[in-house]
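Residue numbers (the UniProt record's numbering): 1 to 300.
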Amino acid sequence: MAPALIAAPLWTPTAAPAQALQTPRAGRVERLANFPSKFVDPRHVEVWLPPGYDPQAKRYAVLYMHDGQMLFDPSTTWNRKAWHVDEAAARLMAAGQVQDFIVVGPWNNGKFRHAEYFPAKFLPHLPEPLRQGLVNQGLQGRSQSDAYLRFLVEELKPAIDTRYATRPEREATFLMGSSMGGLISAYALCEHPKVFGGAACLSTHWIGTFQRNDEVPSAAIAYLRGALPDPASVKWWMDRGTTELDAQYDQAQPRIDALMAEKGFVPGARYQTRVYEGTGHNEVDWARRLHEPLTFLLGR
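Have a look at this one:
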């Protein structure tokens, strides 16, 4: 039986939904409203600037975080939960534990989130009828992940590097996401290792469905086997919890870990894979451990 699928420069007013501007407790958020794209639908992009942001005095690393509407202010989110990235980042910067950085959070695209975040190059490795079922139901008829990556690399990053005082080199450009956001972060690091220097993939949704299965993780492994970057050239963080949807990752993530080891990824300063016992698939639990992947990627 097939596993159940998850349904899942100028900014002008178009189709992005209304949501109050996120108000962080530390630093400030600027919204690039309805950021246009030739590749994907327009969406808001939230840009967090740390306390004391000074474009005349210094340049900043950049962390691109998916699901941008969930990052800073729980009063504006659908489930009243948030990552509180601003608080964790500001504390680490004030303590001198990480380099100065800004956070860029493109919103997810609602019902097309799965289509944009599920890696297109997994699909050829999936058996029928699962592949077509996933495309028709989960991906709303077609994969948009490669288009989403083009949006990030060809449109959003150049705009951010022009508008803000960034360090544009790959060594100062990172990705982070959870669940499907972890999946697209891993895919982006494999597809664009000359653009991104590292990724943190929290509670990565390797199973691609609501339940354990072998097919989607096997497709991910088949893709990764030929696409992983040089272990010495990137930083890569992976983790999972043990409750809620994360409980379904107890077979898939160890398979990914085994492949990473086979390909030369050794736990240390450039690679980590962690299990957080008793934690689940939600922003509260991701926020509680956020300081760890932030320090791993951006530590001094």
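Where a beta carbon is used, it is the ideal one built from N, C-alpha and C, also for glycine.
- The DSSP assignment places complete beta strand (DSSP E) segments of no fewer than 3 residues inside the segment 212 to 245 at 235 to 241, in order along the chain.
- When secondary structure is reduced to three states using DSSP, residue 255 falls in the helix class.
- Just so you know, the alpha carbons of residue 265 and residue 55 end up roughly 36 Å apart.
- If you check the CB distance, residue 174 and residue 196 come in under 9 Å.
- In this structure, the CA atom of residue 274 is about 6 Å from the CA atom of residue 238.
- Looking at 28, 217, 200 and 233, the one whose alpha-carbon comes closest to that of residue 63 is 200.
- Below 8 Å, enough C-beta pairs join the segment 211 to 223 and the segment 108 to 123 to call them touching: three or more.
- Using a C-beta cut-off of 8 Å, the segment 74 to 84 makes contact with the segment 272 to 292, since at least three inter-stretch Cβ pairs fall below that distance.
- At a cut-off of 4 residues, the continuous stretches assigned as alpha helix (DSSP H) that sit fully inside the segment 133 to 171 are 145 to 150 and 157 to 163.
- In the three-state scheme derived from DSSP, where H, G and I count as helix and E and B as strand, residue 106 is classed as strand.
- Counting only runs that start and end inside the segment 53 to 125, the beta strand (DSSP E) elements of at least 3 residues fall at 61 to 65 and 101 to 106.
- For residue 29, the enclosing beta strand (DSSP E) begins and ends at 28 to 35.
- The three-state reading of DSSP puts residue 269 in coil, since its state is none of H, G, I, E or B.
- In the three-state scheme derived from DSSP, where H, G and I count as helix and E and B as strand, residue 287 is classed as helix.
- When the Cα atoms are used, residue 39 and residue 105 turn out to be separated by approximately 17 Å.
- Ranked by Cα distance from residue 215, the options 252, 107 and 170 are led by 252.
- Between residue 29 and residue 73, the gap from beta carbon to beta carbon is short of 9 Å.
- Residue 208 sits away from residue 241, with the two beta carbons spaced by 9 Å or more.
- Between residue 57 and the set 19, 243, 90 and 165, the nearest pair of CA atoms involves 165.
- In the three-state scheme derived from DSSP, where H, G and I count as helix and E and B as strand, residue 300 is classed as coil.
- Rounded to the nearest whole angstrom, the CA to CA distance from residue 234 to residue 192 is 11 Å.
- In the DSSP assignment, residue 185 falls within the unbroken alpha helix (DSSP H) covering 180 to 191.
- A direct Cα-to-Cα measurement between residue 96 and residue 296 gives close to 14 Å.
- Only buried fits residue 43, as 16 or more other CB atoms lie within 10 angstroms of its CB.
- Here residue 261 is exposed, its C-beta having fewer than 16 other C-beta atoms within 10 Å.
- Judged by DSSP in its simplified three-state form, residue 292 adopts helix.
- Residue 101 and residue 130 have their C-alpha atoms spaced approximately 41 Å apart.
- Under the DSSP assignment, residue 200 falls in the beta strand (DSSP E) whose first and last residues are 198 to 202.
- Closest by C-alpha distance to residue 177, out of 259, 155, 68 and 132, is 68.
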